[in-house]
Amino acid sequence: MIRSRIQVFGRKTIARKPNIDSLSNILGRKIIVRNTSSLATSQPESSSILSNYNERIEEIRKNELTYYPTYSSFQKDGYVTVRVPEFVERYKGLEDKSSDPICVEGRIHSIRRISKVLYFVDIVQDNHKLQVIFNNKSMGLSKEDFESANSQLCKNDHVSVWGYPVRTKAGELSLRADQALRIVSPFLRVPIERLEHREKVNANRVMNYIVNPQQKDILYKKAIVTNSIRQYLTGDGFLEVQTPIIAGMGTGANAEPFSTNAKALGSDSSLCQLRVAPELWLKKLVISGFDKVFEIGQNFRNEGIDGSHNPEFLTCEFYRSHTDLAKLMQMTEEIFKSILNNLKGKEKISDELKEVLTSGQFARYEFIPTLESKTGIPLPSELNSENLMEYFKSVNVPIPAQKSPQNLLDTLCGIYIEPLSVTEQGGLPIFIFNQPAIMSPLAKSKKITYTDGREYLISLRFELFINGKEYVNSYEEENSPFEQLEKFRNQVESKNEFEDRDSLVPDWEYVKAMEYGLPPTGGWGCGIDRLTMLFSGCDRIEQVLPFGSLKDVVRQ
Numbered sequence: 001m002i003r004s005r006i007q008v009f010g011r012k013t014i015a016r017k018p019n020i021d022s023l024s025n026i027l028g029r030k031i032i033v034r035n036t037s038s039l040a041t042s043q044p045e046s047s048s049i050l051s052n053y054n055e056r057i058e059e060i061r062k063n064e065l066t067y068y069p070t071y072s073s074f075q076k077d078g079y080v081t082v083r084v085p086e087f088v089e090r091y092k093g094l095e096d097k098s099s100d101p102i103c104v105e106g107r108i109h110s111i112r113r114i115s116k117v118l119y120f121v122d123i124v125q126d127n128h129k130l131q132v133i134f135n136n137k138s139m140g141l142s143k144e145d146f147e148s149a150n151s152q153l154c155k156n157d158h159v160s161v162w163g164y165p166v167r168t169k170a171g172e173l174s175l176r177a178d179q180a181l182r183i184v185s186p187f188l189r190v191p192i193e194r195l196e197h198r199e200k201v202n203a204n205r206v207m208n209y210i211v212n213p214q215q216k217d218i219l220y221k222k223a224i225v226t227n228s229i230r231q232y233l234t235g236d237g238f239l240e241v242q243t244p245i246i247a248g249m250g251t252g253a254n255a256e257p258f259s260t261n262a263k264a265l266g267s268d269s270s271l272c273q274l275r276v277a278p279e280l281w282l283k284k285l286v287i288s289g290f291d292k293v294f295e296i297g298q299n300f301r302n303e304g305i306d307g308s309h310n311p312e313f314l315t316c317e318f319y320r321s322h323t324d325l326a327k328l329m330q331m332t333e334e335i336f337k338s339i340l341n342n343l344k345g346k347e348k349i350s351d352e353l354k355e356v357l358t359s360g361q362f363a364r365y366e367f368i369p370t371l372e373s374k375t376g377i378p379l380p381s382e383l384n385s386e387n388l389m390e391y392f393k394s395v396n397v398p399i400p401a402q403k404s405p406q407n408l409l410d411t412l413c414g415i416y417i418e419p420l421s422v423t424e425q426g427g428l429p430i431f432i433f434n435q436p437a438i439m440s441p442l443a444k445s446k447k448i449t450y451t452d453g454r455e456y457l458i459s460l461r462f463e464l465f466i467n468g469k470e471y472v473n474s475y476e477e478e479n480s481p482f483e484q485l486e487k488f489r490n491q492v493e494s495k496n497e498f499e500d501r502d503s504l505v506p507d508w509e510y511v512k513a514m515e516y517g518l519p520p521t522g523g524w525g526c527g528i529d530r531l532t533m534l535f536s537g538c539d540r541i542e543q544v545l546p547f548g549s550l551k552d553v554v555r556q
């Protein structure tokens, strides 16, 4: 019998005696182990821990059915099983005690041994915690039997507990156990108190969520962000849909896709790809008569990984017929306000940002006038690559390697306009709107004449930036098949001329679908991962992904 309460992490193969050094190598850091029993032997710590560890593993291995029982096998007649949140809600008004026989289940969060005959154990289930009181008298056990019944108890074990609700003298709602606790899935790894180094956290998210349970809050916030958007849209009469993730070569976005072949289509089939965006599929549904549609789902871009980008990412896109740019801006402000309200104080943003999100008054910057104001030099009347490279020279900015007009304009925006959300607005939201049409081949465009008589073809588009980061891309959709065909052709020419791998791959079938009639439509896209970063105070995208970025996922 093991006489001490130990906390263990280790290899999965429990029939094999562990090697502490190899475990240390696996976990990538020094192992920290605590032996918390007052009955621990006086052996050196590492020897004692290894002995206790091996004893526990061997005990569990020999009695596997006892420690990994079927769920029905350990249920007790007369006890009502309730989940921890339900228990807390049901007995929140309890003043003393109840005679209701209750069973609760969960994972042990902590064990506080007050004496040999009194334990306080916190268990967690559904992100709610409940204190369980173990006392030999209430359980009808002698001191020796009580100690024996709890000798295998370990932090992070999954357990079932039977007893009745009480309110302690300190006022804490608890369950007083009247029977021995049952371990239903033991914890078998060498204990690590906390993981803080980013590389170690990302290398083993399962361990991280266990030893740093507060990290789970980020995923709960992400769910709130996602559901807030969903509730807002369904409340406005939108239909949620799921469009193809594997399809042909049209992308609907400017990015390099993941490409593959589908065996089911035969050897003569064209190349397939994981979708970069659901945009064209959703607009085909609008053409089909679905006036308000949205999709929340995964998209894929075969590009680099950094603090705000991952090849697999979660987005929301919606399309609403007979909707203009002003309405899309209004909806954006309302969606952000809805997210803030649903987080109910759990958000980690500045008071100034809360105030702006609550009021829904985002600053606006028009692309061409703002750029010229910040550089002090007018843009060339014709926005081609040659003229724009001369413009770069005139403002003393290095010319990027990718010299397509859209990339040159995007680079200028990144230098002079996007930072205004920080330098002029103190990290608050800004709409950048009326981008040159060449930057947005799927957006509706129109000509605007500025004060000095120069005329530019601009897109009816905006991007939302907060603290220098983009969160929303939205525009009125091009609904003329003739214009869309011409824009696609221009895109192909630019892609070939400048070898732009990120340039949009046209979907010619979409142009054919447009012949059925796409009504004036507003489209909107938002990265939910990045939005979660904003509201949870995270500075890297892998923090809001359940198992980290792609390079972390392949290691787990």
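Using the working numbering, you'd call the opening residue of the sequence shown number 1 and step up by one each time. Idealized CB from N, CA, C, for every residue including glycine.
Buried or exposed: residue i, going by 16 or more other Cβ atoms within 10 Å of its Cβ?
i, result
"P165", "buried"
"T370", "buried"
"W508", "exposed"
"D145", "exposed"
"G414", "exposed"
"D217", "exposed"
"S4", "Residue confidence for S4 is low, a pLDDT of 32 falling below 50, so the modelled location carries little weight; the figure read from the coordinates is stated next. By the neighbour-count rule (16 or more Cβ atoms within 10 Å), S4 is buried."
"L285", "buried"
"T332", "buried"
"E295", "buried"
"N261", "exposed"
"G78", "exposed"
"K346", "exposed"
Say yes only if the C-beta of residue i is nearer than 7 Å to one or more non-hydrogen atoms of the ligand SAH, and no if none qualify.
i, result
"R205", "The ligand SAH is not among the ligands present in this structure, which contains no ligands whatsoever."
How would you write the range of the beta strand (DSSP E) that residue i sits in, first residue to last?
i, result
"T449", "S445 to T449"
"N299", "K292 to F300"
"D217", "Element bounds for D217: not the beta strand (DSSP E) but the alpha helix (DSSP H), K216 to G235."
"Y119", "L118 to Q125"
"T315", "E312 to S321"
"S174", "L173 to A177"
"E542", "No beta strand (DSSP E) holds E542; DSSP gives it neither H nor E."
"I528", "I528 -> not in any beta strand (DSSP E); alpha helix (DSSP H) instead, spanning I528 to S536."
Judging by CA-CA distance, which residue of the options is the nearest neighbour of residue i?
i, options, result
"D306", "R540, E58, L65 and Y53", "R540"
"V572", "A180, E95, L173 and L94", "No answer is possible for residue 572: the residues shown for the chain start at 1 and end at 556."
"Y319", "K393, L239 and G78", "L239"
"H309", "K62, E55, E542 and L65", "E542"
"T557", "N467, D410 and P378", "An answer regarding residue 557 cannot be provided, because it is not within the stretch 1 to 556 covered by the chain."
"P441", "D552, K487, L65 and F120", "K487"
"V544", "R176, N342, T226 and S445", "T226"
"E455", "I432, I349, P101 and S381", "S381"
"F290", "I245, S259 and V241", "V241"
"G376", "K348, R364 and Y416", "Y416"
"L464", "L153, R530, V190 and S174", "R530"
"G106", "P520, V132, Y119 and G93", "V132"
"P481", "L175, L188 and L518", "L518"
"L94", "I57, E59, N136 and L173", "L173"
"P520", "E334, S99, Y209 and L460", "L460"
"V211", "E193, L219 and K221", "E193"
"I466", "M207, Y365 and V161", "Y365"
"Q273", "N302, L130 and K374", "N302"
Kindly indicate which three-state DSSP category residue i falls into: helix, strand or coil?
i, result
"V143", "It should be noted that the sequence gives Lys, not Val, for residue 143. Correct three-state label for K143: helix."
"P165", "strand"
"R454", "coil"
"Q273", "strand"
"S359", "helix"
"R112", "strand"
"P405", "helix"
"N135", "strand"
"F258", "coil"
"L130", "strand"
"T568", "With the chain represented from 1 up to 556, any question about residue 568 goes unanswered, as that position is not in the structure."
Starting from residue i and walking both ways along the alpha helix (DSSP H), at which residues does that stretch end?
i, result
"E515", "Careful: E515 lies outside any alpha helix (DSSP H) and carries neither H nor E."
"K374", "F367 to T375"
"I417", "Segment: none, I417 is in no alpha helix (DSSP H) and carries neither H nor E."
"Y471", "Per DSSP, Y471 belongs to no alpha helix (DSSP H); it is in the beta strand (DSSP E), K469 to E476."
"Q484", "P481 to F498"
"P85", "V84 to R90"
"F433", "Run containing F433: none in the alpha helix (DSSP H); it sits in the beta strand (DSSP E), P429 to F433."
Am I right that residue i and residue j are in contact with their C-beta atoms under 8 Å? What's the rounded C-beta distance?
i, j, result
"N473", "G525", "5 Å"
"I448", "I438", "Going by Cβ atoms, the distance from I448 to I438 rounds to 14 Å, so no, they are not a contact pair."
"N479", "M514", "7 Å"
"T358", "K337", "6 Å"
"P69", "V159", "Actually they are not in contact, since the Cβ atoms of P69 and V159 sit about 12 Å apart, beyond 8 Å."
Give a yes or no on whether 8 Å exceeds the smallest Cβ distance from residue i to chain B.
i, result
"K283", "In the structure shown, chain B does not exist; there is a single protein chain."
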